[in-house]
Amino acid sequence: MALEFPGNPGLRSRPRRRVGRLIFRIFLVLTLALVTVAAYAVKTRPALLHPGGGDPLQSLADWTRTFASPTEAFGKDRITLLVMGLDQNWTEKDIMYTKGARSDSMILVNLNLADRAVSLLSIPRDTWVEIPGYGTDRINAAHSLGGVPLARQAVETFLGVPIDYHVLLKINAGKDLIDALDGVYLNVEKPMDYDDSWGHLHIHLKPGYRKLTGEQAMGYARFRNDEEGDFGRIRRQQQLLDAILRRMRSPAVLDKVRDLVEVLQKNVETDLQTRQLLTLAGIYRGFQRQKLHTSILKGEDAVTGAGAMVLIPNEEEKRRVMLEFLGTDVTTPIPASNP
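Residue 177 is where the sequence shown starts when you use my numbering, and the numbers rise one by one after that.
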């Protein structure tokens, strides 16, 4: 397919709002997974609780220290995961569904289990790549064409890096988690009013310290229609994560194990096994932010013959970013992607 390159040459990255939402969703779901496994473990093994009550997170941390080492759980001390958030589609009756959807966002995650470091590589959804068996297309089309297997294959072909595991996140994970916890308490710092009918986002919150439902709390975290813009949104997302963790540290969370497991099953699809999730929960409990590295693949805007805007990756830039992502010296060769 012929491509046309508009003016203003140079490498660009697309707006990061979708990427930021997926990273936030990753931390929400990792929190959910960690505490669900913790609560289940403590519920089925009451002896894990510390005398006088218990913090499920601390109980899990103590238990997992003797449960499995990275090499026992994974066979190596560094793994790569493909994390995808799914686009939301809507029926004529305004009901959301994700079957056959394109991926909303894609992030490649490299976990160095030895030193507890995490690298996140964001892949713009419009990146123009070869999709095995289907020719060239935007990379986010791979999931709609062949599900998780084809999406994994497309990313591996494009980046030349084998993917060990996948995690598929649905859009309502955060909302359902908070509702399963019977809400969270937050200090709404200002009146928040925003309506986006096309995006099915409606935020109407009054100021004050109050308990918010899942929908209200996610609206609080997504609000950016003020002078702070994305910086305020990021700050509020952190406030929400902290509020969820406070809620989850209560021993009362043990009575919600069934609901939490249902939320996890409904919103997360992964080929990671329970033993591996337990190992990751133990390794990354108390994770330090300075151990997190994020990057994004850049490229050049182009227009297809059909008039679609796409992003053409720059091979030299891709190689540099991948070496950085893998924690490899820049002189070390990596496999080239297929043409």
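Think of the CB as a built atom: it goes at the ideal place given N, C-alpha and C, for glycine as much as any other residue. These figures come from a predicted structure and were not determined experimentally.
>> Quick check: what's the CA-CA separation for N348 versus Q392?
In response: For the purposes of this step, residue 348 is identified with residue 172 of the sequence shown, where counting begins at 1. For the purposes of this step, residue 392 is identified with residue 216 of the sequence shown, where counting begins at 1. Going from the Cα of N348 to the Cα of Q392 covers about 12 Å.
>> Here's a check: name, in chain order, each residue in its chain whose Cβ is nearer than 6 Å to the Cβ of V439, leaving out the five neighbours to either side.
In response: Within the sequence shown, the letter at position 263 stands for residue 439. If we look at V439 and ignore the five residues flanking it on each side, its Cβ neighbours are D352, L353 and A356.
>> At the level of alpha carbons, what is the spacing between V305 and T256?
In response: Counting from one through the sequence shown, the residue named residue 305 turns up at place 129. Counting from one through the sequence shown, the residue named residue 256 turns up at place 80. Cα-Cα distance, rounded: 20 Å.
> G322 bridges to which residues according to DSSP?
Replying inline: If you number the sequence shown from 1, residue 322 lands on position 146. Per DSSP, none; premise fails for G322.
> By Cβ distance below 7 Å, which residues in the same chain neighbour G408 in space, the five residues on each side in sequence not counted?
Replying inline: Position 232 of the sequence shown, counting from 1, holds the residue named residue 408. R400 and D402.
> Out of curiosity, what's the CA-to-CA distance linking R314 and L284?
Replying inline: The residue you call residue 314 lines up with position 138 of the sequence shown. The residue you call residue 284 lines up with position 108 of the sequence shown. Each residue's Cα considered, the two are about 17 Å apart.
> So A356 is in the alpha helix (DSSP H); what residue range does that whole segment cover?
Replying inline: To locate residue 356, count along the sequence shown from 1; it is residue 180. Residue range A349 to A356 is occupied by the alpha helix (DSSP H) that includes A356.
> Is S279 closer than 8 Å to R254 when the C-beta atoms are compared?
Replying inline: For the purposes of this step, residue 254 is taken as residue 78 along the sequence shown, with counting starting at 1. For the purposes of this step, residue 279 is taken as residue 103 along the sequence shown, with counting starting at 1. Not closer than 8 Å, so no.
> For E476, does the count of other Cβ atoms within 10 angstroms reach 16, so buried, or fall short, so exposed?
Replying inline: Taking the first residue of the sequence shown as 1, we reach residue 476 at position 300. That one is buried.
> According to DSSP, is R314 helix, strand or coil?
Replying inline: To locate residue 314, count along the sequence shown from 1; it is residue 138. Note: R314 maps to strand in three-state DSSP.
> Mind checking whether V343 and V259 have CB atoms under 8 Å apart?
Replying inline: Residue numbering aside, residue 343 sits at position 167 when the sequence shown is read from its first letter. Residue numbering aside, residue 259 sits at position 83 when the sequence shown is read from its first letter. In this structure, V259 lies closer than 8 Å to V343 by Cβ.
> Does the beta-carbon distance from L297 to L473 come in below 8 Å?
Replying inline: As a first step, residue 297 must be located in the sequence shown, where it is residue number 121. As a first step, residue 473 must be located in the sequence shown, where it is residue number 297. Yes, these two residues count as a Cβ contact at 8 Å.
> Any idea what DSSP makes of P246, helix, strand or coil?
Replying inline: Stepping through the sequence shown from its first residue, residue 246 is reached at position 70. If DSSP states are grouped into helix, strand and coil, P246 belongs with the helices.
> Excluding the five sequence neighbours on either side, which residues of its own chain have a C-beta within less than 7 Å of the C-beta of Y310, listed in chain order?
Replying inline: The sequence position of residue 310 within the sequence shown is 134, counting from 1. Taking Y310 as the centre and dropping the five residues before and after it, the same chain places the C-beta of L321 closer than 7 Å to its C-beta, in chain order.
> Could you give the residue range of the alpha helix (DSSP H) that holds T564?
Replying inline: One cannot answer for residue 564 here, as it falls past the ends of the chain, which runs 177 to 515.
> Can you tell me whether L287 is buried or exposed, with buried defined as 16 or more other CB within 10 angstroms of its CB?
Replying inline: Against the sequence shown, residue 287 aligns to sequence position 111. Buried is the call here.
> Across which residues does DSSP place E306 in a beta bridge pair?
Replying inline: Translated into positions along the sequence shown, residue 306 becomes position 130. Per DSSP, T312.
> Is DSSP giving M272 helix, strand or coil here?
Replying inline: In the sequence shown, residue 272 corresponds to position 96, counting from 1. Low confidence applies to M272: its pLDDT is 48, below 50, so where it sits in the model is not reliable, and the reading given next is rough at best. Here M272 sits in strand by DSSP.
>> Assuming V429 is part of the beta strand (DSSP E), what are its boundary residues?
In response: Counting from one through the sequence shown, the residue named residue 429 turns up at place 253. For V429, no beta strand (DSSP E) segment is defined, and its DSSP state is neither H nor E.
> What did DSSP end up calling D288 once you bin it into helix, strand or coil?
Replying inline: Reading the sequence shown from its first residue, position 112 is the one you call residue 288. In the sequence as displayed, the identity of residue 288 is Asn instead of Asp. It is a strand residue.
> Along the chain, where does the alpha helix (DSSP H) that runs through G390 open and close?
Replying inline: On the sequence shown, position 214 is the one that residue 390 refers to. Taken as a continuous stretch (DSSP letters only), the alpha helix (DSSP H) holding G390 covers G390 to R398.
>> Which residue wins for smallest C-alpha separation from T247, given the options P489, V497, V364 and R451?
In response: As a working note, residue 247 is residue 71 in the sequence shown. Minimum Cα distance to T247 is reached at R451.
>> On a Cα-Cα basis, can you pick out the residue from K346, P308, L345 and T312 that is closest to R328?
In response: On the sequence shown, position 152 is the one that residue 328 refers to. For R328, the nearest C-alpha among the options comes from P308.
> Can you tell which of V360, M485 and Q466 has its C-alpha closest to the C-alpha of V429?
Replying inline: Looking up residue 429 in the sequence shown gives position 253. Among V360, M485 and Q466, the Cα nearest to that of V429 belongs to V360.
>> For the beta strand (DSSP E) containing D165, name the first residue and the last one.
In response: Any answer about residue 165 is impossible in this case: the structure gives the chain only from 177 up to 515.
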